[in-house]
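Inspection log for the structure reproduced underneath, given as structure tokens.
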Amino acid sequence: MKRIVSEQNPAYKDLIRLKQRKTREREGLFLAEGFHLTEEAERCGLTIRQIYADDDLLESGREGGETLRAFLEEKEKQGCLITLLAGSLFAKVAETETPQGVIALVEKPVWEADAVLGTPGDGRNLLVLDRIQDPGNLGTLIRTADCAGYSGAVLLKGTADPYNPKTLRAAAGSLFRVPCIQLSGPEETLQLLRQAGKEVLVTSPRADQICYDVPMKENIALVIGNEGAGACDELLDGADRLVKIPMDGDAESLNAAVAAAILLYETVRQRYSK
Numbered sequence: 001m002k003r004i005v006s007e008q009n010p011a012y013k014d015l016i017r018l019k020q021r022k023t024r025e026r027e028g029l030f031l032a033e034g035f036h037l038t039e040e041a042e043r044c045g046l047t048i049r050q051i052y053a054d055d056d057l058l059e060s061g062r063e064g065g066e067t068l069r070a071f072l073e074e075k076e077k078q079g080c081l082i083t084l085l086a087g088s089l090f091a092k093v094a095e096t097e098t099p100q101g102v103i104a105l106v107e108k109p110v111w112e113a114d115a116v117l118g119t120p121g122d123g124r125n126l127l128v129l130d131r132i133q134d135p136g137n138l139g140t141l142i143r144t145a146d147c148a149g150y151s152g153a154v155l156l157k158g159t160a161d162p163y164n165p166k167t168l169r170a171a172a173g174s175l176f177r178v179p180c181i182q183l184s185g186p187e188e189t190l191q192l193l194r195q196a197g198k199e200v201l202v203t204s205p206r207a208d209q210i211c212y213d214v215p216m217k218e219n220i221a222l223v224i225g226n227e228g229a230g231a232c233d234e235l236l237d238g239a240d241r242l243v244k245i246p247m248d249g250d251a252e253s254l255n256a257a258v259a260a261a262i263l264l265y266e267t268v269r270q271r272y273s274k
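Here it is in structure tokens:
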């Protein structure tokens, strides 16, 4: 195992740069922190370039150090390249409050738009996210879409980076299973969704129909808009249907991730209904 003890090490500088979205996008790489995300990435067939570990924790003799040692020994047997970082250096890369001492350098999966969008009549449902800005919300949305059996996600320009560390943690591995593509704008998105035979449903408080009265079982593209502003006018005007969630209380609106969960699971309910 190699060791890095200096902040001036070129490989360490490259690692630190991956904390920035523009570097992740340019290099096609991201960092997966913790045992769970590392193993989920591997289980889903992603390529792990390298594993970085906290050398201080490894040598501490604490329970966490022994767990880390066993994990690294197993990965080394599998042929993974492992680099140990001095504790102070590892802490500057880690994003969690109580790091487990492991960060994987992973290649981003590459998804073709046609493969994600599907074809007319294939029965697949898609989640479309319009300028979702909170990384935690984005991860939760992708995780819920995974649980609800959605086949992919379309992220419009202005949406948070799916490979932001907060997004990765909130998605809990679902980002590696739900194919995500990023499209530039609503016009392109609507055109591609129509070509794929999807009925475009957009959430809006001005909708006449509530979600429980709308067929949502298959072949839909469910659009969730920005946390504060909702979906953009182009998507609202271009939708096949506008839908809303009934609310009997006095609150003005639901959190975007909560609203999406209700709608995503209405799809599941309809699928299981006799």
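Mapping of the sequence shown onto my numbering: residues 1 to 274, in sequence order.
All C-beta atoms in this analysis are idealised placements derived from N, C-alpha and C, irrespective of residue type, glycine included.
Cβ-based neighbour list, residue i, same chain, cut-off 8 Å, excluding 5 preceding and 5 following
i	result
G64	L57, Q100, G101
A259	T203, I224, I245, S253
T189	V128, V154, L156, L183, L235
G185	L156, K157, E234
Classification of residue i by the beta-carbon crowding that lies within 10 angstroms, buried from 16 upward
i	result
N255	exposed
I210	exposed
R131	buried
K75	buried
G146	Note that residue 146 is Asp in the sequence shown, not Gly. The residue in question, D146, is buried, as its Cβ has 16 or more Cβ neighbours within 10 Å.
G173	buried
I51	buried
P162	buried
Y12	buried
C44	exposed
R24	buried
R269	exposed
A115	exposed
V5	exposed
A261	buried
G28	exposed
G238	buried
Range of the contiguous beta strand (DSSP E) that encloses residue i
i	result
V223	220-224
T267	Where T267 is concerned, there is no enclosing beta strand (DSSP E), although the alpha helix (DSSP H) it sits in stretches over 256-272.
E199	199-203
Backbone secondary structure at residue i - three-state DSSP
i	result
Q133	coil
G152	strand
V116	helix
L18	coil
C80	coil
S248	The question names Ser, but residue 248 is Asp in the sequence shown. D248 falls in the coil class under three-state DSSP.
Q191	helix
Y52	strand
A229	coil
R241	strand
V128	strand
K217	coil
R177	coil
E74	helix
T97	The sequence as given places Glu at residue 97; Thr does not occur at that position. Note: E97 maps to coil in three-state DSSP.
A160	coil
L46	coil
R62	coil
E107	strand
R69	helix
R206	coil
A196	coil
Cβ distance (whole Å) where residue i is taken to contact residue j below 8 Å
i	j	result
F30	V106	6 Å
G152	N219	Not quite, the Cβ-Cβ distance comes to about 13 Å (not below 8 Å), so this is no contact.
Y150	L126	6 Å
M216	T267	5 Å
G139	A170	3 Å
I82	A53	6 Å
L117	L192	6 Å
A148	A104	About 27 Å; that fails the 8 Å criterion.
V178	V214	About 23 Å; that fails the 8 Å criterion.
Residues near residue i by beta carbon distance below 6 Å, same chain, minus five either side
i	result
T47	E107
A231	D130, V202, V223, G225
P165	E95
R49	L105
I16	none
Residue-chain proximity (residue i, chain D), Cβ-Cβ < 8 Å
i	result
D161	Here there is only one protein chain, and chain D is not present.
Start-to-end residues for the alpha helix (DSSP H) that takes in residue i
i	result
K166	165-171
A41	35-43
K92	87-93
Nonlocal neighbours in the same chain, by C-beta distance under 7 Å from residue i, ignoring five residues either side
i	result
E7	L89
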